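As structure tokens, the structure follows; a few thoughts come after it.
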Amino acid sequence: MKKFHLIIIAVILLFSGCEDILEVNTTSSFNTDQGVITTEARAELALTGMYDGLQNQYYYGNYIITFGDLPSDNMDHTGTFVNSAEVDQNEIYPSNTILAQVWDQIYYVINIANTIYEDVPNIKGIDQEVSDRMQGEALFIRALCYFDLVKNWGDVPLQLNPVRSTQDIQKLSRETVANVYFQIVDDLEEAETKLGDYDEAGRANIWAVRALLSRVHLYQGHYQDAYDYANNVIVNSPYTLETNYADIFTYENEYCSESIFEVDFTGQDANNFAFWYHPDDLGGRYEYGVSDDLETSYDASDVRYDANIGFYAATGYYITKYTDVASGSDNVIVLRLTEMYLTRSEALVNGATPVGGDSRLADFNQTYSRAGLGNHPGPITMTDILNERRFEFAFEGHRWCDLTRTGEAINVLTNVTSTNQYLWPIPQDERDVNPNLEQNPGY
Numbered sequence: 001m002k003k004f005h006l007i008i009i010a011v012i013l014l015f016s017g018c019e020d021i022l023e024v025n026t027t028s029s030f031n032t033d034q035g036v037i038t039t040e041a042r043a044e045l046a047l048t049g050m051y052d053g054l055q056n057q058y059y060y061g062n063y064i065i066t067f068g069d070l071p072s073d074n075m076d077h078t079g080t081f082v083n084s085a086e087v088d089q090n091e092i093y094p095s096n097t098i099l100a101q102v103w104d105q106i107y108y109v110i111n112i113a114n115t116i117y118e119d120v121p122n123i124k125g126i127d128q129e130v131s132d133r134m135q136g137e138a139l140f141i142r143a144l145c146y147f148d149l150v151k152n153w154g155d156v157p158l159q160l161n162p163v164r165s166t167q168d169i170q171k172l173s174r175e176t177v178a179n180v181y182f183q184i185v186d187d188l189e190e191a192e193t194k195l196g197d198y199d200e201a202g203r204a205n206i207w208a209v210r211a212l213l214s215r216v217h218l219y220q221g222h223y224q225d226a227y228d229y230a231n232n233v234i235v236n237s238p239y240t241l242e243t244n245y246a247d248i249f250t251y252e253n254e255y256c257s258e259s260i261f262e263v264d265f266t267g268q269d270a271n272n273f274a275f276w277y278h279p280d281d282l283g284g285r286y287e288y289g290v291s292d293d294l295e296t297s298y299d300a301s302d303v304r305y306d307a308n309i310g311f312y313a314a315t316g317y318y319i320t321k322y323t324d325v326a327s328g329s330d331n332v333i334v335l336r337l338t339e340m341y342l343t344r345s346e347a348l349v350n351g352a353t354p355v356g357g358d359s360r361l362a363d364f365n366q367t368y369s370r371a372g373l374g375n376h377p378g379p380i381t382m383t384d385i386l387n388e389r390r391f392e393f394a395f396e397g398h399r400w401c402d403l404t405r406t407g408e409a410i411n412v413l414t415n416v417t418s419t420n421q422y423l424w425p426i427p428q429d430e431r432d433v434n435p436n437l438e439q440n441p442g443y
């Protein structure tokens, strides 16, 4: 992917009909007059481009997930990529090109979302319900993007208007974490009012909005809000827990009963998780592997071990959560119901007021017992919750931020000696073109 500096991402290209940028199928084109979406059909094409932007390997097609585990005690770097080794060792340099491209890709998707949000209400003759739905989807994705930025980089620029040409480029300063989170919540609360009962696989709906709101509030330590949104999803949504943990991740069971939002992949729009995770002799590259610490930490009775970890004699333990090495068609689950149960339990441990009785132990046991471990006798502590999240969400991109958001990374990881390491460095090439971007401390 061509490298763009801050906010140049998707300039003009969003409107160029260039399929390798928007990743839309070859029968489609996305040309607009003066960079403005003028018809409902073009708006739908822009939405397709927005969701396809999530599929990129520098976003949910690999690195935002992989690098959510690699710096932690779940995963080891077993390959040759220097940039990945930096992340694994928590010795990251501002010149890290992978992180620079992750940053670029996220802002690329944000620009598409901004354009949809601004243009759709002005489309002549568009039905109000359709307009609201499109804006709601754009707001959800924009919120997800900014959440992925703020949790990894801290203060980041807030670009809320579309960049349609080079004249629109602004050299923005970084907004505070508090302001970014305020915008995320504002976007999601507005999306909640616009999405109604819309429900299409692989697209945002009202339950995805509420689940993300629960996660966003949890990361901020807003435990009552995190509880309330998680409780809403658990009690009122149509989602139910899968009986068998392994079934959540099979190709045959895409969009399973507990999946709230997932990124769709096919052989044409592929990810490379299985390729990077599997040994060479099994068709992969084995760039990233299972840490010894995680492998030995699973209880012998925990069925999640076999769903997440395999063994190959020539290389040792490897990640099996994603299995399609040849075509990379494994969908990536971003939000699932299990998380809502563990969020509700964590919120109660941290003082949230329950509705209808304290369910922290029962919520915890939803995952613990499904894993074949029986019922935990209680009481439940934050250590229990962090361990359970580790085993339940292994290789889904949660562990690193679970440790940083709770302040435990410096206690758990031997290569983290300063809280400055909790945030990634601002890419140097962004700072080279925008002097308003101050570097994070320690870099």
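Each step along the sequence shown adds one to the number in my numbering, with nothing skipped, and position 191 is 191.
Think of the CB as a built atom: it goes at the ideal place given N, C-alpha and C, for glycine as much as any other residue.
Please read these numbers as outputs of a predicted model, since none were measured by experiment.
For residue i, does the three-state DSSP call read helix, strand or coil?
| i | result |
| --- | --- |
| tyrosine 288 | strand |
| serine 259 | strand |
| tyrosine 63 | helix |
| arginine 174 | coil |
| phenylalanine 140 | helix |
| histidine 77 | strand |
| isoleucine 126 | coil |
| valine 303 | coil |
| proline 441 | coil |
| valine 36 | strand |
| valine 355 | coil |
| isoleucine 21 | Confidence at isoleucine 21 is low in this model, with a pLDDT of 31, below 50, so the placement of that residue should be treated as unreliable; the coordinate-derived value is given next. Correct three-state label for isoleucine 21: helix. |
| arginine 164 | coil |
| valine 325 | coil |
| valine 433 | helix |
| asparagine 31 | Bear in mind that a pLDDT of 36 at asparagine 31, under 50, signals an unreliable position, so the number given afterwards is only what the model happens to contain. In the structure shown, asparagine 31 sits in a strand (DSSP, three-state: E or B). |
| valine 150 | helix |
| threonine 26 | Unreliable positioning characterises threonine 26 in this predicted model, as indicated by a pLDDT of 24, which lies under 50. The coordinate reading is nonetheless provided below. Coil. |
| valine 416 | coil |
Report, in whole angstroms, the separation of the C-beta atoms of residue i and residue j, which I expect to be a contact under 8 Å.
| i | j | result |
| --- | --- | --- |
| methionine 340 | alanine 230 | 4 Å |
| tryptophan 103 | proline 427 | 5 Å |
| aspartate 73 | leucine 294 | 6 Å |
| valine 334 | phenylalanine 261 | 5 Å |
| glutamate 118 | asparagine 161 | 7 Å |
| methionine 75 | tyrosine 288 | 6 Å |
| threonine 367 | leucine 342 | 6 Å |
| asparagine 308 | glycine 61 | About 20 Å; that fails the 8 Å criterion. |
| threonine 338 | glutamate 258 | 6 Å |
| leucine 373 | glutamate 408 | Leucine 373 to glutamate 408, Cβ: 22 Å. No contact. |
| isoleucine 98 | serine 84 | 7 Å |
| histidine 398 | arginine 405 | About 10 Å separates the two Cβ atoms, so there is no contact after all. |
First and last residue of the alpha helix (DSSP H) that includes residue i?
| i | result |
| --- | --- |
| aspartate 186 | 177 to 194 |
| arginine 336 | Not the alpha helix (DSSP H): arginine 336 falls in the beta strand (DSSP E), residues 332 to 336. |
| isoleucine 234 | 223 to 236 |
| valine 412 | 409 to 412 |
| serine 214 | 206 to 220 |
| tyrosine 51 | 40 to 55 |
| leucine 386 | 382 to 392 |
| arginine 203 | Element bounds for arginine 203: n/a, residue is neither H nor E. |
| glycine 403 | Correcting the residue identity first, residue 403 is leucine in this sequence and not glycine. Its alpha helix (DSSP H) spans residues 399 to 405. |
| asparagine 375 | Per DSSP, asparagine 375 belongs to no alpha helix (DSSP H) and is neither H nor E. |
| glutamate 86 | 82 to 89 |
Is the CB-CB distance between residue i and residue j below 9 Å?
| i | j | result |
| --- | --- | --- |
| alanine 444 | valine 325 | Since the first residue shown for the chain is 1 and the last is 443, residue 444 is missing from the structure and cannot be characterised. |
| leucine 188 | leucine 213 | yes |
| isoleucine 92 | tryptophan 424 | yes |
| valine 416 | asparagine 90 | yes |
| alanine 100 | glutamate 430 | yes |
| tyrosine 59 | lysine 151 | no |
| valine 216 | valine 185 | yes |
| arginine 164 | glycine 35 | yes |
| valine 263 | glutamine 55 | yes |
| phenylalanine 275 | glycine 328 | yes |
| glutamine 105 | glycine 49 | no |
| isoleucine 116 | leucine 158 | no |
| alanine 362 | glutamine 224 | no |
| isoleucine 110 | cysteine 145 | yes |
| asparagine 350 | methionine 382 | yes |
Return the first residue and the last residue of the beta strand (DSSP E) that residue i is part of.
| i | result |
| --- | --- |
| phenylalanine 273 | From DSSP, phenylalanine 273 is part of no beta strand (DSSP E) but of the alpha helix (DSSP H) over 273 to 277. |
| phenylalanine 364 | No beta strand (DSSP E) contains phenylalanine 364, which is instead part of the alpha helix (DSSP H) from 360 to 368. |
| isoleucine 116 | That residue, isoleucine 116, is in no beta strand (DSSP E); its alpha helix (DSSP H) goes 97 to 119. |
| glycine 316 | 316 to 319 |
| glycine 310 | 309 to 312 |
| contact_flag[the region 343 to 361, the region 291 to 306] where n(CB pairs < 8 Å) is 3 or more | In the pairwise beta carbon analysis, the region 343 to 361 is classified as not touching the region 291 to 306: fewer than three pairs are separated by under 8 Å.
| message | Whether or not the region 38 to 58 and the region 116 to 133 are in contact is what I'm after, with contact meaning three or more pairs of Cβ atoms, one per stretch, closer than 8 Å; do they touch? | response | Note that the region 116 to 133 touches the region 38 to 58; at least 3 beta-carbon pairs, one per stretch, sit closer than 8 Å.
| Touching by the beta-carbon criterion (3+ pairs, under 8 Å), the region 171 to 178 and the region 427 to 439 | With the cut-off at 8 Å, the region 171 to 178 and the region 427 to 439 touch.
| said: Across the region 307 to 325 and the region 219 to 239, are there enough close Cβ pairs to call them in contact, namely three or more that are closer than 8 Å? | reply: Judged by Cβ distances under 8 Å, the region 307 to 325 makes no contact with the region 219 to 239, as fewer than three pairs qualify.
| request: Decide if the region 61 to 70 is in contact with the region 385 to 396; the criterion is three or more beta carbon pairs, one per stretch, under 8 Å apart. | output: Touching, per the Cβ criterion.
| Quick check: the region 247 to 267 against the region 192 to 199, are there 3 or more CB pairs under 8 Å? | Segments in contact, no.
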